[in-house]
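Position 17, counted from 1, in the sequence shown is what the UniProt record's numbering calls 17; the numbers after and before it change by one each time, with no gaps.
See structure below.
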Amino acid sequence: MKRSRKCDWWEFFTKPKQILLLISLTVFVVIIIIYFLSWQNNNRSFKKFWKNDHYYDFNNLMYRDSIDAKFEGEKIVHLDLKGAPPKVSYYEKLFPLLVKLGATGLLIEYEDMFPYSGPLLKNVSASNAYSLEDIKTILKLAEESRLSVIPLIQTFGHMEFMLKLKEFEDLREVIEYPQVICPTHEKSLSLIMHMVDEIVKAHPSATKIHIGADEVWFVGVCDRCVGILNKFGWTKSQLFLEHFVGKPLIT
Ligand SMILES: [Zn+2]
C-alpha cells in the first residue's frame, strides 16, 4: 500500500530523535540570526567603515581621514625646546609632517632658548639660544604650513631655567629647589612680566599665550607667603590664583 508524503513527514517529526534534531537546528539558526543582527547593529553604531587609513562617514556620506575621526578641535603639538633645540632648517621638514599627521598648531616652549635682551633677563638665555631672526624664520615656516603658534611662557612652576642662576636664587619658593618662583617676592612679578613682554613682542601674530602653571609643587611655603596666607586668611589655592588674577602680592 502506498503511503502519502504527508504521512512520511509527520512520522519523521514525531519520533523523539528527530524532534531533538529539529529543536537543535532551530536554536542554531536563531543564534546565527541574533549574532548577525548584533554585528550589524555594532557596525552602524560606530558609523564608520574602515578602509586603510580612511573611514566612511555614513552621516556625511564621505570618506574621511581616520585621524579626523578621533578629535574635531585644534590639534596642537608642544615643542619643548629646552636643552636641545632643533636647527631651524629642521622645521622645514617637521612642520609639513606635523600637518600631514593632523596638527593645526604649535605650542612653543622656549625657556632658556629665547634670546632675552632686557637688563633683568639677559643672563637667562642659554649660549645655544635662538636669535630673533631664527624665531622669525620659525614663525614664517609655521605660517607657510598654516600652523598657528602659541608661545608657552612659564610663570609659576617649571622655572628652573631661571631660578637655577645665582642671581635669582632668592626668588625660589623653596631654597633647595629651583622649580617654583615665589609669588610674593618683590622681584618675581616684574621678571615674569618682562619675560611675557619680550616673548609676546617676538610673536606679533599670536592671538594666545600659554602661561604654564602646571606642576607648581610648592605654594605658600616660604616665610613671605606664609605671612600673606595668615594676613588674608587665604588657603594655598587662593594664593595660587591670586598670583594670576589678583593685585601684586608684595609684602
Ligand atoms: Zn613665597
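Think of the CB as a built atom: it goes at the ideal place given N, C-alpha and C, for glycine as much as any other residue.
Residue j beta carbon less than 8 angstroms from that of residue i
i           : j           : result
residue 105 : residue 76  : yes
residue 151 : residue 194 : no
residue 130 : residue 119 : no
residue 212 : residue 153 : yes
residue 291 : residue 86  : The structure shown does not extend to residue 291, since the chain is modelled only from 1 to 251, so the question has no answer here.
residue 81  : residue 108 : yes
residue 185 : residue 171 : yes
residue 198 : residue 117 : yes
residue 264 : residue 157 : The chain is shown only over 1 to 251; residue 264 falls outside these bounds and no answer can be derived.
residue 239 : residue 229 : yes
residue 123 : residue 79  : no
residue 88  : residue 134 : yes
Status (buried if at least 16 other CB within 10 Å, exposed otherwise) for residue i
i           : result
residue 111 : buried
residue 207 : exposed
residue 252 : Past the boundaries of the shown model lies residue 252; the chain is included only from 1 to 251, so the question cannot be answered.
residue 18  : exposed
residue 173 : buried
residue 200 : exposed
residue 192 : buried
residue 22  : exposed
residue 188 : buried
residue 125 : buried
residue 30  : exposed
residue 141 : buried
residue 121 : buried
residue 161 : buried
residue 26  : exposed
residue 245 : exposed
residue 155 : buried
Any chain B beta carbon closer than 8 angstroms to residue i
i           : result
residue 244 : Looking for chain B here will not work: only one protein chain is present.
- Between the segment 172–187 and the segment 199–219, do at least 3 Cβ pairs fall closer than 8 angstroms? yes
- Query: Pairing CB atoms from the segment 132–149 with CB atoms from the segment 82–100, are three or more of them under 8 angstroms?
  - Reply: The segment 132–149 is in contact with the segment 82–100.
- Counting only runs that start and end within the segment 56–140, where is the alpha helix (DSSP H) found for 4 or more residues in a row? 88–100
- Query: For the segment 159–233, which segments carrying the beta strand (DSSP E) assignment without a break, of at least 3 residues, lie completely within its bounds, in sequence order?
  - Reply: 172–174, 177–181
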